[in-house]
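A.B. asks:
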Amino acid sequence: NSFGVAFTSGMSLGFSLIIVIGAQNAFVLKQGLRNQHIFLVCLICAISDALLIVLGVSGFAVVTAKFSWLEAVARYAGAGFLLAYGARSFYKAWESSACLHVDASGGVAGRGNLTAASRRLTMLTCVALTWLNPHVYLDTVVLLGSVSTQYPDANVAFAGGAVLSSFAFFFALGYAARYLTPVFSKPRAWKILEFVIGAVMWWIAVNLLLDG
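Here you go:
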């Protein structure tokens, strides 16, 4: 049914956006490796994402109700962004050698490497990584918000799928970090991951264009 499709689409897109290697994910991995404030880190990241997702979905619903032509703009702009994002992932899968390495002290070296200290500093770092990153507004608010307009009668299910993906990813990443890091310390693992992300992005983009 439409609710199931919307929920699955929201979850798939949410995972695709959040799973890309970056400063926030590297920080969560580091906290998991050091076993420091893992629950706090995962909770802050997930709740921040949830608030941004709800903001994007509810905001676009209100705006498009008054200006119907914005739905078409959002549809094609969203599809264009997804195609470009997917192409970038395919390129990284082909060319990139990005990876994360565990050093002798148990830290994570790589893109977005951050140092954790007190509970207060950890909390402030998590908040800053989410709310001071301009890309999060483009991905979470604008992109998810625009795609959600394709499910006018099931946008709550779409948002629910995206929110669930955030909670599932961050808590899984934080608590399974000790097991995942050896795998993703190999460039080949990141190449495979980037390819999967690109495929999901293009799949959603094609569906947006076909629905138009």
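Positions 1051 to 1262 (this note's numbering) are the ones given, in order, by the sequence shown.
Built from N, CA and C at the ideal position, the CB exists for glycine as well.
No experiment lies behind these values; they were computed from the predicted model shown.
Flag this pair as touching only if the segment 1196-1207 and the segment 1123-1135 have three or more C-beta atom pairs under 8 Å; answer yes or no.
C.D. replies: Segments in contact, yes.
A.B. asks: Give me the Cβ distance between residue 1213 and residue 1103, rounded to the nearest whole Å; I'm assuming they're in contact under 8 Å.
C.D. replies: Between residue 1103 and residue 1213 the Cβ distance is about 6 Å, and since that is below 8 Å, they are a contact.
A.B. asks: Beta-carbon within less than 6 Å of residue 1092's beta-carbon, same chain only, minus the 5 sequence neighbours each way: which residues are those?
C.D. replies: Around residue 1092: 1220, 1221, 1224.
A.B. asks: Can you tell which of 1083, 1254, 1241 has the C-alpha that lies nearest to the C-alpha of residue 1142?
C.D. replies: When each option's Cα is compared against that of residue 1142, the closest is 1241.
A.B. asks: Give the straight-line distance between the Cα atoms of residue 1209 and residue 1227, rounded to the nearest whole angstrom.
C.D. replies: Rounded to the nearest angstrom, the two C-alpha atoms are 27 Å apart.
A.B. asks: Exposed or buried, what is residue 1145 when buried is set at 16 or more other beta-carbons lying within 10 Å of its beta-carbon?
C.D. replies: That one is exposed.
A.B. asks: Can you list the alpha helix (DSSP H) stretches of 4 or more residues lying completely in the segment 1079-1123, in chain order?
C.D. replies: Listed in chain order, they are 1088-1116.
A.B. asks: Please classify residue 1172: is it buried, with 16 or more other beta-carbons within 10 angstroms of its beta-carbon, or exposed?
C.D. replies: Its Cβ being crowded by 16 or more others within 10 Å, residue 1172 is buried.
A.B. asks: For residue 1086 and residue 1215, I'd like the C-alpha separation in whole angstroms.
C.D. replies: About 23 Å.
A.B. asks: Looking at C-alpha atoms only, which residue of 1118, 1079, 1068, 1235 is the closest neighbour of residue 1098?
C.D. replies: Of 1118, 1079, 1068, 1235, the residue nearest in Cα terms is 1068.
A.B. asks: Could you tell me if residue 1130 is buried or exposed, where buried requires 16 or more neighbouring beta carbons within 10 angstroms of its beta carbon?
C.D. replies: Exposed, since its Cβ has fewer than 16 Cβ neighbours within 10 Å.
A.B. asks: According to the neighbour-count rule (16 or more other Cβ atoms, all chains shown, within 10 Å of its Cβ), is residue 1234 buried or exposed?
C.D. replies: Classification for residue 1234: buried.
A.B. asks: Taking 7 Å as the limit between beta carbons, can you name the residues of its chain near residue 1066, skipping five residues before and five after?
C.D. replies: 1247, 1250, 1251, listed in sequence order.
A.B. asks: Taking DSSP as the reference, what is the three-state secondary structure of residue 1236?
C.D. replies: Three-state result, residue 1236: coil.
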